[in-house]
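Asker: My questions all concern the structure below.
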Amino acid sequence: MNERPLRKVLIANRGEIAVRIVRACQELGIAAVAVYSEADRGALHVRLAGEACGIGPAPSRESYLSIDRILEAARRTGADAVHPGYGFLAENAAFARACEERGLVFVGPRSETIALMGEKTSARRMAVEAGVPVVPGTLEPVRDAQAIRREARRIGFPLMLKAASGGGGKGLRLVADEGELDAAAQRARSEALGAFGDDSVYLEKALERPRHVEIQVLADAHGNAVHLFERECSIQRRHQKLIEESPSPFVTEALRRRMGALAVALVKRSGYVNAGTLEFLVDAAGEPYFLEMNTRLQVEHPVTEMVTGIDLVKLQLRIAAGERLPFRQEQLAQRGHAIECRVLAEDPDRGFLPSPGRIQALEAPAGPGVRDDSGVYAGYAVPVHYDPLLSKLVVHGESRAEAIQRMRRALSEYRILGVPTTLPFYARVLRDPSFVSGEFDTSYVASFVARSDGARERPVALAAAAAAIREVRERLAARLPPATRPTSPWFAEGLREAQRGRA
Amino acid sequence: MNERPLRKVLIANRGEIAVRIVRACQELGIAAVAVYSEADRGALHVRLAGEACGIGPAPSRESYLSIDRILEAARRTGADAVHPGYGFLAENAAFARACEERGLVFVGPRSETIALMGEKTSARRMAVEAGVPVVPGTLEPVRDAQAIRREARRIGFPLMLKAASGGGGKGLRLVADEGELDAAAQRARSEALGAFGDDSVYLEKALERPRHVEIQVLADAHGNAVHLFERECSIQRRHQKLIEESPSPFVTEALRRRMGALAVALVKRSGYVNAGTLEFLVDAAGEPYFLEMNTRLQVEHPVTEMVTGIDLVKLQLRIAAGERLPFRQEQLAQRGHAIECRVLAEDPDRGFLPSPGRIQALEAPAGPGVRDDSGVYAGYAVPVHYDPLLSKLVVHGESRAEAIQRMRRALSEYRILGVPTTLPFYARVLRDPSFVSGEFDTSYVASFVARSDGARERPVALAAAAAAIREVRERLAARLPPATRPTSPWFAEGLREAQRGRA
Amino acid sequence: MIFEALVEGRALRVEVKGRGDRYDVTVDDRRFEVDWRENGRHFVSLLVDGRNLELGLEARAGGCIVVFDDDRLAVELRDAVRGGALGGKPAAGGPARLSAPMPGKIVRVLVLPGTAVEAGQGLLVMEAMKMENEIRSPRAGLVREIAVRDGQAVETGALLAVVG
Amino acid sequence: MIFEALVEGRALRVEVKGRGDRYDVTVDDRRFEVDWRENGRHFVSLLVDGRNLELGLEARAGGCIVVFDDDRLAVELRDAVRGGALGGKPAAGGPARLSAPMPGKIVRVLVLPGTAVEAGQGLLVMEAMKMENEIRSPRAGLVREIAVRDGQAVETGALLAVVG
């Protein structure tokens, strides 16, 4: 592949990751074209880009998921490359192929590689061929109830049912014993059909108390590939990652080297090019099992950037332009420790219910070792149409202990008003001894919520004092007599409930 | 000296540096006490600190410069240490001594060292003893006109007249030839008397096109000392630094090692403890001359932190607690390149006139490699009583080229509304080929202003279009008939001037 | 001025004295001396006996939401009955009507009409903002009505269920 | 709507057509198609032929200040005389009265009353916010009055000098 410098990149995404890519383009002197749905004219990625192009109505299917409209925007703006970010069309082989056919550089792997590694059972087969251990289970998609029963008995319970074309926790079912199997299989297949248009599933043995660890890889089009060590992603809620870190507090140097070597082997075997991530489960004994490959930039890529000093997005663009990797494996090292908290518009006190709405005020943390990759700003209305990720707060420190102290400090400075967010939840997690010890697995969030939600001491007296002073000042300012102030209906109702509790 | 962990640190300062120190304390688990004048109850350093204590009226002399009030605040809050920041009492030996006498740990060198290195001619003598080259000139303070004339003839013209107790450009005069000497000496001495209560001066030969380069040092109380390489500070205006970077684009590895060794020699010779900075002038031939030592944390310390990965403020606190330096010289390295722009409330289009006032809105840059050490926030009123530093915008990149690209990107994202700032000026400097080439000396700002101010193309048409659309929308919103809108008096006057220019 | 405050289900008596920027506040039996400073339009710094507390305040009808660094509390206020303590007869709550907090799709209904449910028990699962979210019962009672079915798209405010 | 705009000493004719969020603006001879989006209360994103321009706007009586990333321009607006182009007879400017932009101390007076000065020439040096600042003449003319002396403390708005 020859070098062909990129001049103008269309960013087929929105939110914080589109902002991230705009910034990388600007620093490389490449023109960045933002695209936006009708809900996103005022989004931050549009504000920061040098060019912007509308691509249709708010629903993703008519804008960010519309291959035709994205390609038309690329044509209209004269872009010579497309960066898909993550989600939306990032792992859509047809989109990558359409870009290739039009001579647009797709910033990611080749369309065949996406197809190969995107179908979960073919990725598992590829892993087995490359000598990478996989979770015991089926290597081919399974479509009928009888075959599912047969495979289940072979593998043993508990087991996981997964959509073959899946991702993001859809069509995923934990099956504890054979009695649950038929109903779970039916649900998983119908969900998979709805989400991916394909009801084939595969089965994997369920590991006990697994950790979720992933390896970042980079490969150029000249046959060079490296890994950039691991990310620990066990702090998740219903298969959505919340907190990630690098290094993993429990991965040993030997395990790190082994997983890195496995990842590079699979990358080379599959002819993979550009950035990608191999997800592993690691069992209590420290044995890694390949889970799947994400053929794109990962949400949590900044923790790797912080510890390696490597700008992954810039390298994606340079690799897409045909450049060679500018370093060899032995030149890479993890320096210090990085932690990321995903700041979501979700209300931790209402079961993490999404909380779109207008951000009335926002103060972001700053100072040494703090990076806030945000897609929002004060005055911005978080739309209901897309995912609830507002920002990724990332810190870097000399050690895990310093990174934790720094994250606590940063969280204490971060205030978003107008919509409930996960920030207060993270402030509590970062003080939790189990988190601090590094002794956790993928069950952590559920157990933390269960043991802390009822038990925690809430600052009700200070809140009441602050609200009352505010009210006194408001009345003074408005010179309203007290009797004319409105009392909300929920007040009367709530007060009755509270009094009942006291009696 | 024994280790004695600090429990509570009173920060005898305000603004961004007080914020910086609050953050360091919090991350070390040390309680931070902010102090505030009546003008500063709402300042950011108060908002972020865990405790705060009022110390008097707005004028510095009655608050931040009042040794009694600071000590009283320390007593009242039970602080066991005081961090002076920079400016105010940071280089006041009497304050350091008063802390020592009360058993308060002063986070800085011993009071004798401050006295020794604070008086400029004694610092010069100490440097000569330590084998550090100094700018040719007088080694003793000079007090009468005749002695000044005699010394001036000995040294030769052009020369610099400087206040012996000076700092910050006060009592500083460039004297081109003997004819200017008497008048300049009279002015310099009267300024020095007014500013420092001491009219003694010293003389130094004026170097041709000098660069201003300084070396950061750290020394513990156990006799260990290291340098943390250089900072390039030639981008200054009237002896006030505006942009700093590390490494210096023109310091060679040999010069770096030489200056570092000289700095460590002087530190050891003077028994210096804690962080400090040795300022040098480097002439066109690359010869360094010691200028003075700042016995405190420097404004521009973040560029050193970014390239070395060392947290200087945390180390100041640890050294003050009696800890040993946790590294040796050979473990330190410069990684990549860092640049800092001092964001000032000054109007570059009005000769850098200070521009206090209320910040209506603020959007700070973020993302990879960007650090904003700010002391302000949206809604904050910049007071008239203190210096105009709002924030220090710092970037880090793999190379100087990447750091420049990143700074341009960060500057394009940074918006402060309500008060004019130096941000637009920096955006222009960062595109200036002379700055980009690294070929500049201390005359850079004056010459950049002179050659660009009249010549630059200003976006008048776009500004007019934006203002007109805004006006149309405002009228629509207010449904005011056009005739009732006020026309300001300066409008009519300005329009006449403009028309005259056209005729 | 004396208020009855309701904070996350707890009723408190709050008395505020003073004005300007200094207040003497008594919450039930606890007394706070507060130095109050508004920073911008949404944030306030409270110095309580020298300790600093930085809060965000979101205005709501009849009170406000107070945003701490590690918590977020809704406070409702009303004027205390003159001379009287909190009291009054507890009234039975009426049926609770749950409506969709945002546009989305009903993934699954979890309970049948007529089922007895606990407070906090899941009633249905709704997909919104790319996430599946369990909609829970705000109170214990009988499920009177389930107004949606699996797969149905709903707009903000659409009735989902009635529990009473 | 047609305006006369004054931007940093330059007079421009500005015509704005359209409403909603789309405008067709002609500034002297240049035409811009603008898609206008206000982001929060102070910022606006202008898409001009697909190019994006992010501006800050500070309201001022009779116009506004437009903040670019690399410049800051004061724009004054008035309604254009109906049917007429810019014109009128240039009037002589009256004397300019300089007042202190903030509290400070006069460090040095640089000129004597009666001196002829150029526009931009330094009249006096004032110390404020820890910095010495040169106060310059806004126009060419004779120094009519110097109202302060070396070392004098001045408050905001105090008369410093008159040039005319």
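If you read the protein sequences in the order shown, they are chains B, H, E and Y. If you count the first sequence from 1, position 391 lands on 488 in my numbering, and the numbers rise without skipping. If you count the second sequence from 1, position 145 lands on 242 in my numbering, and the numbers rise without skipping. If you count the third sequence from 1, position 74 lands on 76 in my numbering, and the numbers rise without skipping. If you count the fourth sequence from 1, position 139 lands on 141 in my numbering, and the numbers rise without skipping. No residue lacks a Cβ here, since even glycine has one placed at the ideal position from N, Cα and C.
#1: Grab me the residues of I252 (chain B)'s own chain with a C-beta within less than 7 Å of its C-beta, minus the 5 sequence neighbours each way, in chain order.
#2: For a minimum of 3 consecutive residues, which ranges assigned as the beta strand (DSSP E) are wholly contained in the stretch 336 to 377 of chain B?
#3: With a threshold of 7 Å between beta-carbons, can E124 (chain H) be considered close to chain B, or not?
#4: Which residues of chain B have a Cβ atom closer than 7 Å to the Cβ of D274 (chain H), listed in chain order?
#5: Please report how far the alpha carbon of R80 (chain Y) lies from the alpha carbon of F5 (chain Y), in whole angstroms.
#6: Is the beta carbon of E443 (chain B) sitting closer than 7 Å to the one on P485 (chain B)?
#7: Counting along the chain, where does the alpha helix (DSSP H) carrying P530 (chain H) start and finish?
#8: From the DSSP output, read off the bridge partner residues of F387 (chain H).
#9: Does A600 (chain B) come out as helix, strand or coil in the three-state DSSP assignment?
#10: With 16 other CB atoms within 10 Å as the buried threshold, where does S157 (chain H) fall?
#11: Along the chain, where does the beta strand (DSSP E) containing L79 (chain Y) start, and where does it finish?
#12: Could you tell me the alpha carbon to alpha carbon distance between V239 (chain B) and R270 (chain B), rounded to whole angstroms?
#13: What residues are listed by DSSP as bridge partners for G494 (chain H)?
#14: Given that a residue counts as buried once 16 or more other Cβ atoms are within 10 Å of its Cβ, and exposed if not, what is A280 (chain B)?
#15: Just the C-alpha distance for G85 (chain Y) and G166 (chain Y), rounded to the nearest angstrom, thanks.
#16: Going by DSSP, name the residue or residues bridged to R328 (chain B).
#17: Would you say R138 (chain H) lies against chain E (beta-carbon separation less than 7 Å)?
#18: Applying a beta-carbon distance threshold of less than 7 Å, which residues of chain B neighbour V68 (chain E)?
#19: Since E17 (chain Y) is in the beta strand (DSSP E), which residue starts that stretch and which ends it?
#20: Just the Cα atoms here: how many angstroms apart are P140 (chain Y) and R512 (chain H)?
#21: How far does the alpha helix (DSSP H) with R286 (chain B) in it reach, from first residue to last?
#22: Just checking, does the stretch 407 to 418 of chain H make contact with the stretch 366 to 375 of chain H on the three C-beta pairs under 8 Å criterion?
#23: Grab the span of the alpha helix (DSSP H) containing D568 (chain H) for me, first residue to last.
#24: Check the Cβ of R53 (chain E) against every Cβ in chain H and list those closer than 9 Å, keeping chain order.
#25: Jot down the residue ranges of each uninterrupted beta strand (DSSP E) in the stretch 156 to 243 of chain H, minimum 3 residues, whole runs only, in chain order.
#26: Which of the three DSSP states is assigned to S544 (chain B) in this structure?
#27: Is there a C-beta anywhere in chain B that falls below 7 Å from the one on L59 (chain Y)?
#28: So is R308 (chain B) buried or exposed if we call it buried at 16+ other beta carbons inside 10 Å?
#29: Should V143 (chain B) and A131 (chain B) be called a contact, given that it needs their Cβ atoms to be closer than 7 Å?
#30: Which chain Y residues are close to R117 (chain B), counting only those with a beta carbon under 9 Å from its beta carbon?
#31: In whole angstroms, what is the alpha-carbon distance linking V50 (chain Y) and M133 (chain Y)?
#32: Output yes if chain Y places a C-beta closer than 7 Å to the C-beta of R144 (chain B); else output no.
#33: At a cut of 8 Å, does the stretch 202 to 210 of chain H reach the stretch 176 to 188 of chain H through at least three beta carbon pairs?
#34: Could you check where the beta strand (DSSP E) with L429 (chain B) kicks off and where it finishes?
#35: If you run the structure through DSSP and keep just helix, strand and coil, what is D446 (chain H)?
#36: Going straight from the alpha carbon of G52 (chain E) to that of V68 (chain E), what length do you get?
Answerer: Looking at the coordinates:
#1: The sequence position of residue 252 (chain B) within the first sequence is 155, counting from 1. Cβ within range, chain order: P233, G234, L300 and K302.
#2: Those beta strand (DSSP E) runs which fall completely within the stretch 336 to 377 of chain B and span 3+ residues are 337 to 343.
#3: Your numbering for residue 124 (chain H) matches position 27 in the second sequence. It does: the Cβ of E124 (chain H) has a partner Cβ on chain B nearer than 7 Å.
#4: Taking the first residue of the second sequence as position 1, residue 274 (chain H) is located at position 177. Those within 7 Å of D274 (chain H) in chain B number zero; the least Cβ separation is about 48 Å.
#5: If you number the fourth sequence from 1, residue 80 (chain Y) lands on position 78. If you number the fourth sequence from 1, residue 5 (chain Y) lands on position 3. For R80 (chain Y) and F5 (chain Y), the distance between alpha carbons rounds to 5 Å.
#6: Indexing the first sequence from 1 puts residue 443 (chain B) at position 346. Indexing the first sequence from 1 puts residue 485 (chain B) at position 388. For E443 (chain B) and P485 (chain B), yes; Cβs fall inside 7 Å.
#7: Position 433 of the second sequence, counting from 1, holds the residue named residue 530 (chain H). In the DSSP assignment, P530 (chain H) falls within the alpha helix (DSSP H) that extends over P530 to S534.
#8: Indexing the second sequence from 1 puts residue 387 (chain H) at position 290. As a beta-bridge residue in DSSP terms, F387 (chain H) pairs with H:V231 and H:F377.
#9: Numbered from 1 along the first sequence, position 503 holds the residue referred to as residue 600 (chain B). With a pLDDT of 36 at A600 (chain B), under the threshold of 50, the predicted position of this residue should be treated as unreliable, though the coordinate-derived value follows. Judged by DSSP in its simplified three-state form, A600 (chain B) adopts coil rather than helix or strand.
#10: Start at 1 with the first residue of the second sequence, and residue 157 (chain H) comes out as number 60. Residue burial is scored here from C-beta neighbours: S157 (chain H) has at least 16 other C-beta atoms within 10 angstroms and is therefore classed as buried.
#11: For the purposes of this step, residue 79 (chain Y) is identified with residue 77 of the fourth sequence, where counting begins at 1. Taken as a continuous stretch (DSSP letters only), the beta strand (DSSP E) holding L79 (chain Y) covers R74 to D81.
#12: The residue you call residue 239 (chain B) lines up with position 142 of the first sequence. The residue you call residue 270 (chain B) lines up with position 173 of the first sequence. About 15 Å.
#13: Taking the first residue of the second sequence as 1, we reach residue 494 (chain H) at position 397. Note: G494 (chain H) sits in a beta bridge opposite H:H434.
#14: As a position in the first sequence, residue 280 (chain B) is number 183, starting the count at 1. Exposed: under 16 other Cβ atoms inside 10 Å.
#15: Mapped onto the fourth sequence, residue 85 (chain Y) falls at position 83. Mapped onto the fourth sequence, residue 166 (chain Y) falls at position 164. Confidence at G85 (chain Y) is low in this model, with a pLDDT of 41, below 50, so its placement is unreliable and the value that follows should be read with caution. Roughly 35 Å separates the two Cα atoms.
#16: Taking the first residue of the first sequence as 1, we reach residue 328 (chain B) at position 231. Bridge pairing for R328 (chain B): B:E311 [DSSP].
#17: Taking the first residue of the second sequence as position 1, residue 138 (chain H) is located at position 41. With respect to chain E, the C-beta atom of R138 (chain H) has a partner C-beta closer than 7 Å.
#18: Residue numbering aside, residue 68 (chain E) sits at position 66 when the third sequence is read from its first letter. Under the 7 Å cutoff, chain B gives A560, A563 and A564.
#19: As a first step, residue 17 (chain Y) is located in the fourth sequence; it is residue number 15 there, counting from the start. Boundaries of the beta strand (DSSP E) harbouring E17 (chain Y): R12 to K19, taken from the DSSP string.
#20: Along the fourth sequence, one-based indexing puts residue 140 (chain Y) at 138. Along the second sequence, one-based indexing puts residue 512 (chain H) at 415. P140 (chain Y) and R512 (chain H) have their C-alpha atoms some 28 Å from each other.
#21: Taking the first sequence and counting its residues from 1, the one referred to as residue 286 (chain B) is at position 189. Judged by DSSP secondary structure, R286 (chain B) falls within the alpha helix (DSSP H) whose first and last residues are E275 to F293.
#22: The stretch 407 to 418 of chain H vs the stretch 366 to 375 of chain H: in contact.
#23: Residue numbering aside, residue 568 (chain H) sits at position 471 when the second sequence is read from its first letter. Sequence inspection shows Glu at residue 568 (chain H); the Asp mentioned does not correspond to that position. Element bounds for E568 (chain H): V557 to A575.
#24: Here residue 53 (chain E) refers to the residue found at position 51 of the third sequence. In chain order: G147, E148 and A149.
#25: List check, beta strand (DSSP E) in window: 178 to 180.
#26: As a working note, residue 544 (chain B) is residue 447 in the first sequence. S544 (chain B): helix per DSSP, three-state reduction.
#27: Mapped onto the fourth sequence, residue 59 (chain Y) falls at position 57. It does not: the Cβ of L59 (chain Y) has no partner Cβ on chain B nearer than 7 Å.
#28: Counting from 1 along the first sequence, the entry for residue 308 (chain B) is found at position 211. Here R308 (chain B) is buried: its Cβ has 16 or more other Cβ atoms, across all protein chains shown, within 10 Å.
#29: Residue mapping note: residue 143 (chain B) aligns to position 46 of the first sequence, counting from 1. Residue mapping note: residue 131 (chain B) aligns to position 34 of the first sequence, counting from 1. Judged by their CB atoms, V143 (chain B) and A131 (chain B) are nearer to each other than the 7 Å cut-off.
#30: Position 20 of the first sequence, counted from the start, is the residue given in the question as residue 117 (chain B). The premise fails here: R117 (chain B) is roughly 17 Å from chain Y at the closest Cβ pair, so nothing lies under 9 Å.
#31: Residue mapping note: residue 50 (chain Y) aligns to position 48 of the fourth sequence, counting from 1. Residue mapping note: residue 133 (chain Y) aligns to position 131 of the fourth sequence, counting from 1. Roughly 41 Å separates the two Cα atoms.
#32: Working through the first sequence from its first residue, we reach residue 144 (chain B) at position 47. Chain Y, which has a Cβ nearer than 7 Å to the Cβ of R144 (chain B), makes this yes.
#33: Counting Cβ pairs under 8 Å, three or more are found: they touch.
#34: Residue mapping note: residue 429 (chain B) aligns to position 332 of the first sequence, counting from 1. Per DSSP, L429 (chain B) belongs to no beta strand (DSSP E) and is neither H nor E.
#35: In the second sequence, counting from the first residue as 1, residue 446 (chain H) sits at position 349. Helix.
#36: Locating residue 52 (chain E) in the third sequence gives position 50, where the first residue counts as 1. Locating residue 68 (chain E) in the third sequence gives position 66, where the first residue counts as 1. If you draw a straight line from the Cα of G52 (chain E) to the Cα of V68 (chain E), it comes to about 20 Å.
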